[in-house]
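Numbered according to the working numbering, the sequence shown spans residues 2 to 395. Below is one structure; the comments refer to it alone.
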Amino acid sequence: MSEINDINNSVRILSDSSEWTFFAEGAANIIYKYIGSEPCYKGKLLRLRKDIPGNPTTLEVWEFLQKDVLPIIGDYYVGMDLVKINSDFVNGMLNKTATEGQRLDAPVSNKETHAFVMENVLNGDSDGLEYSKGKIKGGIEYFLGYDGNKQLKEVVFEFKPKWLLPSPTTTSEKHKHEFKVTGEVIRCRTCSLSYQRDKPVVLCPLDLVSDDYAVLENAIKSSFGKINKADFGSGKNGTSDIAEFVLAPNELTTVLAKALYKNPLLTQLQKLQSLDTRGILDYGPSSDIGDKNEEEEKEFDMGFLIATAARDCTLFVAISEEDGSNEAKPTETDTFTVTLGNRLYKAKFTVTDVDIKHPSKAKRAYWTNIERTLVDGGWYESEKYPLCNYYKSK
């Protein structure tokens, strides 16, 4: 990955917009897939920022990653290079016909001068795999990678780990007294918000980082194990379902749980999230945006912004079987091996979307009001709903 101080000299320039086609879209970015002939871009994706007020530019995101994120989780971050784009390229992207799956809520920003060229986590172009996609409740998605013989060779899970630590509002006696958290806290921020919104809790983030393997394994099996074979049926590749993988669904979640247990990546994400020691309410004010006075608001420190970015990251875990020829190869930092019986499996972890936020007044009010609702409504303490496993040992 290029260093930020080299960007004026070493960054490639993209000029042909016809070589990129729509691939996916998020709230702040549109992703395109390379369909041209240049080997250096084969199998790569292009990430362009949307034209959204307050959206940090690609350069601002790059600087944030280089300075505050990659020194901590760089071994796991998706491979990514900075490229320059000119107005002709941007206009070409803007003039593309909308594709099915596009949100059409905001176009590509015509003010951007840079973009990211990224590795495709679903690396079918290099491994000859073709993917089918399915969804599990709670925002978990999975991709089944088939080879040319219609054999299932890889399962990739995509999900957001979310808040891997309790809300800072609930962790210090000072904050609990100041913000009137009056009862015994028994629930994490993610689960509290799910119950407040009357949504089922699919996965408690604190279970992902539990020191108790049984807690983690149970959480993984009850959430990631719900692969719906009806999503695929006979499938476009003529396959039947997940059961054709060497791993049965139950064994698949065992591999995932073993790879996640005390995983260094999750520990490092916790480290980034721990930089927010104050919580949103400590930056004031807690009233609705229409009642705010500018002098009441405190500027967010960098620790809060880093933690907020880490809480919104996306994690991919690609699971496949290792053949005998690979057993002697050194394990990459981002890859973990798991043995089940006489078979060896690998799980590769990739993190994306740890983007700095530029909170608008509306976004700031939104975050504040969520936390105030959870506190005032007693959602962190209510015994009406199950407590998180993390608090059972407290």
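Think of the CB as a built atom: it goes at the ideal place given N, C-alpha and C, for glycine as much as any other residue. This structure is a prediction, so every number in the text was calculated from the model and none was measured.
Closest residue to residue i among the options (Cα-Cα distance)
i       : options                               : result
Gly-280 : Leu-253, Gly-93, Thr-309 and Lys-138  : Thr-309
His-115 : Val-62, Thr-255 and Leu-95            : Val-62
Leu-194 : Lys-163, Glu-113 and Arg-365          : Lys-163
Thr-268 : Arg-312, Phe-144 and Trp-368          : Arg-312
Glu-155 : Leu-165, Phe-180, His-176 and Val-122 : Val-122
Asp-335 : Asp-17, Asp-106, Glu-26 and Gly-80    : Gly-80
Gln-274 : Lys-393, Ala-28 and Val-210           : Val-210
Met-119 : Glu-300, Val-84, Tyr-392 and Thr-22   : Val-84
Arg-365 : Thr-172, Lys-299, Val-355 and Arg-344 : Lys-299
Met-303 : Glu-174, Asp-17 and Phe-65            : Phe-65
Lys-252 : Leu-341, Lys-151 and Val-203          : A small correction: the amino acid at residue 252 is Glu; Lys does not occupy that position in the sequence shown. Per the Cα distances, Leu-341.
Phe-180 : Lys-385, Ser-361, Thr-374 and Ile-86  : Thr-374
Simplified DSSP assignment, three categories, for residue i
i       : result
Val-91  : helix
Trp-380 : coil
Ile-281 : helix
Arg-344 : strand
Arg-373 : helix
Val-109 : strand
Arg-188 : coil
Glu-300 : coil
His-359 : coil
Ile-36  : coil
Lys-97  : coil
Asn-264 : coil
Pro-387 : coil
Tyr-78  : strand
Lys-51  : strand
Lys-393 : helix
Gly-234 : Confidence is the limiting factor: at Gly-234 the pLDDT is only 40, short of 50, which leaves the residue's position unreliable and the question unanswerable from this model.
Asn-56  : coil
Pro-167 : coil
7 angstroms Cβ shell around residue i - same chain, five flanking residues per side excluded
i       : result
Gly-140 : Phe-160 and Lys-161
Phe-24  : Ile-32, Tyr-33, Lys-34 and Leu-46
Glu-20  : Tyr-35, Ile-36 and Gly-37
Val-339 : Val-256, Lys-259, Ala-260, Tyr-346 and Ala-348
Gly-291 : For Gly-291, the predicted model reports a pLDDT of 46, less than 50, meaning its position is unreliable; a value from the coordinates is still stated below. Same-chain partners within the cutoff: there are none.
Glu-166 : Inspection of the sequence shows that residue 166 is occupied by Leu rather than by Glu. Gln-271, Gln-274 and Ser-275.
Asp-76  : Thr-334 and Asp-335
Arg-48  : Asn-30, Ile-32, Ala-116, Phe-117 and Met-119
Thr-59  : Arg-50, Glu-113, His-115, Ala-116 and Phe-117
Thr-22  : Tyr-33, Lys-34 and Ile-36
Classification of residue i by the beta-carbon crowding that lies within 10 angstroms, buried from 16 upward
i       : result
Asn-264 : buried
Glu-372 : buried
Arg-198 : exposed
Lys-358 : buried
Cys-314 : buried
Ile-14  : exposed
Tyr-42  : buried
His-176 : buried
Glu-333 : exposed
Asn-56  : buried
Pro-387 : exposed
Gly-146 : buried
Ala-363 : exposed
Ala-28  : exposed
Asp-69  : buried
Asp-283 : buried
Asp-356 : buried
Glu-218 : buried
Pro-169 : buried
Leu-105 : exposed
Those residues which DSSP pairs with residue i across a bridge
i       : result
Leu-316 : Phe-160 and Val-352
Leu-145 : Ser-133 and Val-156
Ile-221 : The partner list for Ile-221 (beta bridge, DSSP) is empty, contrary to what the question assumes.
Asp-69  : Looking at the DSSP assignment, Asp-69 forms no beta bridge with any residue, so it has no partner.
Glu-120 : Lys-45
Ser-321 : Glu-155 and Lys-347
Thr-338 : Lys-347
Trp-21  : Tyr-35
Glu-26  : Ile-31
Arg-13  : Val-84
His-115 : Lys-85
Sequence-distant residues of its chain with Cβ nearer than 8 angstroms to residue i (five each side left out)
i       : result
Val-216 : Asp-208 and Asn-390
Glu-382 : Val-182, Thr-183, Gly-184, Glu-185, Val-186, Ile-187 and Arg-188
Gly-129 : Asp-148 and Gly-149
Asn-111 : Asp-52, Ser-88, Val-91, Asn-92 and Leu-95
Glu-39  : Glu-20
Ser-361 : Pro-54 and Gly-55
Cβ neighbours of residue i in the same chain (closer than 6 angstroms, five flanking residues each side left out)
i       : result
Phe-305 : Asp-277
Beta carbon proximity, residue i to chain D, threshold 8 angstroms
i       : result
Leu-130 : The chain inventory of the structure shown lacks chain D, comprising one protein chain alone.
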